[in-house]
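Student: Top to bottom, those sequences are chains A and B.
Sequential numbering of the first sequence, starting at 1, is according to the working numbering.
Sequential numbering of the second sequence, starting at 188, is according to the working numbering.
There are 2 protein chains.
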Amino acid sequence: MLRPSKKEEILQKSLDIFYRNGFHATGVDLIVKETGISKTTIYANFKNKEALIAAVLERRDENFSCWLEQRVNHLAQSEQDKIYCVFDALEEWFNEPAFSSCMFIKASSEFQERDNTFYMQSVQHKLKLKDYFLNLVKLAQLPNPELVANTVVMLKEGAIISAHLSLMPHPAAHAKTMLKELVSNLK
Amino acid sequence: MLRPSKKEEILQKSLDIFYRNGFHATGVDLIVKETGISKTTIYANFKNKEALIAAVLERRDENFSCWLEQRVNHLAQSEQDKIYCVFDALEEWFNEPAFSSCMFIKASSEFQERDNTFYMQSVQHKLKLKDYFLNLVKLAQLPNPELVANTVVMLKEGAIISAHLSLMPHPAAHAKTMLKELVSNLK
DNA sequence: GAGTATCTGTACAGATCTGTACAGTAATTC
DNA sequence: GAATTACTGTACAGATCTGTACAGATACTC
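Okay, here's the thing in structure tokens:
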């Protein structure tokens, strides 16, 4: 059996490299160079580059969902507050030096066919988050939770693009304000 | 002198191919195959693939801005209505069979370095549209035009991603509703 | 410490990609 | 209709990319 630590190392470092450098633009030789792990070992752990990308996206999905939930739980003062704290967490993310848009927006930009595995993984990630938002909205006992969850999705995606392209200052804060105003109209 | 029509043909058809297939994933040989124009002629008109992409993005910027302005002018019942009709135009765009996200979101996904030419072209395109929205907001005599223009940008980008990944039904209509509610709170 | 599993390094096959060379063809110009 | 200009087609150099082969080194196991 291969030791799990090597596979983990390849996965984690590849995640960074693909996030930073893109999918098509990143060759396996670059991963070899930046990880210091031989190409033979990489191909012993992952059938091919596609399998590595699939694993990277799966891991990213877990990492991001987990991180977001933890930050929201930490930042929120109450159950009602959680849905708004999503945007405080986003602001933290945008302010990280390594922030460079959302990995799944980038994946679905490079792999656009509807039947492409990576495109579908991207959709699944976004729908999973939408479902999480739906739960938070219900937790806050807001009316019309499906609609509000869609609102949160729209604001989140808009904020990510706005942050990535520096289209405005503090996009997440602005999105949070927008959400609060929209919710106050519902009541 | 080369006839302008060939250069035009290369440019227009390349635009479609890059939009559909991505930048890294599209080789010059594919452009040769799909245009029926020889590689020699392509390289006679464009110094290299980079120059072709730059020209494609420039053209896309012109096409999209022009198309949006025309659709808004056609759809709007009044000057005050124009800013909201941006989202009616977006809905039309999303419903086109060939719709596949925004070319500049995709360009900035594939070319992420801040000093990359294509990344910068993408930012410029988005800022140009933001300026157009600012003018429409002022035309509608809304308070705090800078803020509302940012709101429009955020909703537009969020709607594009939501449409591309099919995260909800009618994202543009939802965004339009959101904008109207937010504006009604300002007054 | 012998044997086994894991990893490295290099080398390379085969595909693909950018960009160029060049001979020949079609169209324009004078 | 001769000369120039624009375009095609093929071929290819050189770089790069995926994936494999294989010999040797290193670490783990009993």
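Glycine residues also receive a C-beta, built at the ideal position from the N, C-alpha and C atoms.
1. For a cutoff of 7 Å on Cβ pairs, would you count Val153(A) as touching chain B?
2. So is Trp254(B) buried or exposed if we call it buried at 16+ other beta carbons inside 10 Å?
3. Just list the alpha helix (DSSP H) runs in the stretch 227-288 of chain B, keeping only unbroken ones of 4 residues or longer that don't cross its boundaries, in chain order.
4. At a cut of 8 Å, does the stretch 69-79 of chain A reach the stretch 26-38 of chain A through at least three beta carbon pairs?
5. So the alpha helix (DSSP H) Lys317(B) belongs to, where does it begin and stop?
6. Any beta carbon of chain B sitting closer than 7 Å to that of Leu165(A)?
7. Quick one: which chain B residues come within Cβ less than 7 Å of Leu130(A)?
8. So, does the CB of Met188(B) fall closer than 7 Å to a CB anywhere in chain A?
9. For chain A, check one thing: does any of its Cβ atoms lie closer than 7 Å to the Cβ of Leu369(B)?
10. Helix, strand or coil for Lys187(A)? Go by DSSP, reduced to three states.
11. Any contact of the stretch 325-338 of chain B with the stretch 234-251 of chain B, i.e. 3+ C-beta pairs under 8 Å?
12. Which same chain residues, not among the five before or five after Ser295(B), have their C-beta less than 8 Å away from its C-beta?
13. Note down, in chain order, every chain B residue with its Cβ under 8 Å from the Cβ of Val137(A).
14. Determine the extent of the alpha helix (DSSP H) in which Leu167(A) is found, giving its start and end residues.
15. With a threshold of 7 Å between beta-carbons, can His24(A) be considered close to chain B, or not?
16. Under a three-way DSSP split, which group does Leu142(A) fall into?
17. Run through chain B and tell me which residues come within less than 7 Å of Leu74(A), C-beta to C-beta.
18. Which term fits Leu189(B), buried or exposed, when burial requires 16 or more other beta carbons within 10 angstroms of its beta carbon?
19. So the alpha helix (DSSP H) Ser108(A) belongs to, where does it begin and stop?
20. My assumption, with CB atoms under 8 Å, is that Ser101(A) sits in contact with Met341(B). Please give the rounded CB distance.
21. Leaving out five residues on either side along the sequence, give the residues of the same chain with a beta carbon under 7 Å from the beta carbon of Leu262(B).
22. State the DSSP-derived secondary structure class of Met25(A), mapped to helix, strand or coil.
23. Count Cβ pairs between the stretch 92-100 of chain A and the stretch 39-48 of chain A that sit closer than 8 Å; are there 3 or more?
24. How should Ala172(A) be labelled, buried or exposed, when 16 other C-beta atoms within 10 angstroms of its C-beta is the threshold for buried?
25. Strictly under 7 Å for the Cβ-Cβ distance: is Glu157(A) near chain B by that measure?
26. Is Asp203(B) helix, strand or coil when you go by DSSP?
27. From the DSSP output, in three-state form, read off Gly345(B) for me.
Tutor: So, from the listed chains and residues:
1. Within the first sequence, the letter at position 153 stands for residue 153(A). Yes, contact with chain B.
2. Within the second sequence, residue 254(B) is the residue found at index 67, counting from 1. Flag for Trp254(B) reads exposed.
3. 236-262, 269-282
4. no
5. For the purposes of this step, residue 317(B) is identified with residue 130 of the second sequence, where counting begins at 1. Looking at the DSSP string, the run of the alpha helix (DSSP H) that includes Lys317(B) is 304-326.
6. Numbered from its first residue, the first sequence carries residue 165(A) at position 165. Yes, because at least one Cβ of chain B sits closer than 7 Å to the Cβ of Leu165(A).
7. Your numbering for residue 130(A) matches position 130 in the first sequence. Here residue 130(A) is Lys; the residue named in the question, Leu, does not match the sequence. Those are Leu354, listed as they occur along chain B.
8. One-based indexing of the second sequence puts residue 188(B) at position 1. Low confidence applies to Met188(B): its pLDDT is 44, below 50, so where it sits in the model is not reliable enough to give any reading.
9. Translated into the one-based positions of the second sequence, residue 369(B) becomes position 182. It does; some Cβ of chain A falls within 7 Å.
10. The residue given as residue 187(A) occupies position 187 in the first sequence. Reduced to three states, the DSSP call for Lys187(A) is coil.
11. no
12. On the second sequence, position 108 is the one that residue 295(B) refers to. Correct list, in chain order: Phe305, Tyr306, Ser309, Val310.
13. As a position in the first sequence, residue 137(A) is number 137, starting the count at 1. Per Cβ cutoff of 8 Å: no residues; Val137(A) is ~14 Å from chain B at best.
14. In the first sequence, residue 167(A) corresponds to position 167, counting from 1. Per DSSP, Leu167(A) belongs to no alpha helix (DSSP H) and is neither H nor E.
15. Mapped onto the first sequence, residue 24(A) falls at position 24. Taking Cβ atoms only, chain B reaches closer than 7 Å to His24(A), which makes this a yes.
16. Numbered from its first residue, the first sequence carries residue 142(A) at position 142. Three-state result, Leu142(A): coil.
17. Counting from 1 along the first sequence, the entry for residue 74(A) is found at position 74. The displayed chain sequence assigns His, not Leu, to residue 74(A). What His74(A) touches in chain B: nothing, since even the nearest Cβ is about 25 Å away.
18. As a first step, residue 189(B) must be located in the second sequence, where it is residue number 2. Reliability of the predicted coordinates at Leu189(B) is poor, the pLDDT of 44 falling under 50, and no value is obtained from them.
19. Within the first sequence, the letter at position 108 stands for residue 108(A). That run of the alpha helix (DSSP H) goes 103-110.
20. On the first sequence, position 101 is the one that residue 101(A) refers to. On the second sequence, position 154 is the one that residue 341(B) refers to. Actually they are not in contact, since the Cβ atoms of Ser101(A) and Met341(B) sit about 15 Å apart, beyond 8 Å.
21. For the purposes of this step, residue 262(B) is identified with residue 75 of the second sequence, where counting begins at 1. Cβ neighbours of Leu262(B) beyond the five flanking positions: Cys272, Asp275, Ala276.
22. Within the first sequence, the letter at position 25 stands for residue 25(A). Just to set this straight, residue 25(A) is Ala in the shown sequence, not Met. Three-state result, Ala25(A): coil.
23. no
24. What you label residue 172(A) is simply residue 172 of the first sequence in a count that begins at 1. It is buried - the Cβ of Ala172(A) has at least 16 other Cβ atoms within 10 Å.
25. The residue given as residue 157(A) occupies position 157 in the first sequence. Glu157(A) counts as touching chain B.
26. Taking the second sequence and counting its residues from 1, one reaches residue 203(B) at position 16. Helix, per DSSP.
27. Start at 1 with the first residue of the second sequence, and residue 345(B) comes out as number 158. Three-state result, Gly345(B): helix.
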